[in-house]
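Accompanying notes for the structure given below.
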Amino acid sequence: MATSANHSKPSKWLSNKAFKLSLHRLRRSKSGPPTPPPSPHVDRPKEFHEAFRRFDCDGDGKISSNELRAFFAWAGEDINLDEAQQVIADFDSDGDGLMDYDDFVRLMERDNNGRDEDLRRAFEMFELEKGSGCITPKGLQRVLSRLGDVRSIEECETMMKAYDLDGDGVLDFHEFRRMMT
């Protein structure tokens, strides 16, 4: 069983960036061409179910530490057995040493909550008028310019248009989140 001192260790292996990268790799078939990321309208529980199915190699409805290790090895990450067992222990609600679907969903939802905090900070960087709650084409242009990517206002408007769901010419946080995920 996990100790509270070790409780934070799995975040190193399932950080937002690493887990997002792993999920992106998960969406690709080994033999087929890469598939695009899901549309913003994909039902998140359906996406979780598909990801769980990929982790659960033997189809028994549980993710073992060996299955977790195999997935990360396939995704280019190497974790040892102790680390895999610690990840499982941190989310194992019934104490059987395996991660069932409900445990997996809790892991994914925790990951998504952390991602929203990161996205909120990024969103605030793009706000031209701090506290306005929206990203304007001018705000996008300013940040891109600071990153060395000089774009015209018209180019920024075009970039934003695909994610501007309400057609108001700016991106609110929810539209920004869809653009970034």
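Numbered by UniProt numbering, the letters in the sequence shown go through residues 1 to 181 in order.
Beta carbons are placed, not taken as given, at the ideal position from N, Cα and C, and that holds for glycine.
None of the values given here were measured: they were computed from a predicted structure.
Presumed contact (8 Å Cβ cut-off) between residue i and residue j, rounded CB distance
i	j	result
LEU128	ARG142	7 Å
GLU67	PHE52	That pair is no contact at about 11 Å.
ILE135	VAL170	6 Å
From the options, residue whose alpha carbon lies closest to that of residue i
i	options	result
MET160	SER132, PHE126, ARG146 and LEU147	PHE126
PHE176	VAL150, PRO137 and ASP149	PRO137
LEU144	GLU157, GLY133 and SER132	GLU157
ASP92	ARG178, LEU81, ARG106 and LEU165	ARG106
LEU140	GLY167, ASP172, GLU117 and ASN80	ASP172
GLU109	PHE48, ASP166, ASP164 and LEU68	PHE48
ALA122	HIS174, ARG69 and PHE52	HIS174
MET180	ASP149, CYS57 and GLU117	GLU117
Beta-carbon gap between residue i and residue j smaller than 8 Å
i	j	result
SER64	LEU98	yes
ASP100	LYS46	no
PHE71	ASP78	no
ALA89	ARG69	no
TYR163	ARG178	yes
Residues that DSSP places opposite residue i in a beta bridge
i	result
residue 236	Nothing can be reported for residue 236: it is not among the residues displayed for the chain, which extend from 1 to 181.
ILE135	LEU171
Item to complete: Any chance you could list the alpha helix (DSSP H) runs of at least 4 consecutive residues sitting entirely within the UniProt domain "EF-hand" (151-181), in chain order?
Response: 153-161 and 173-180
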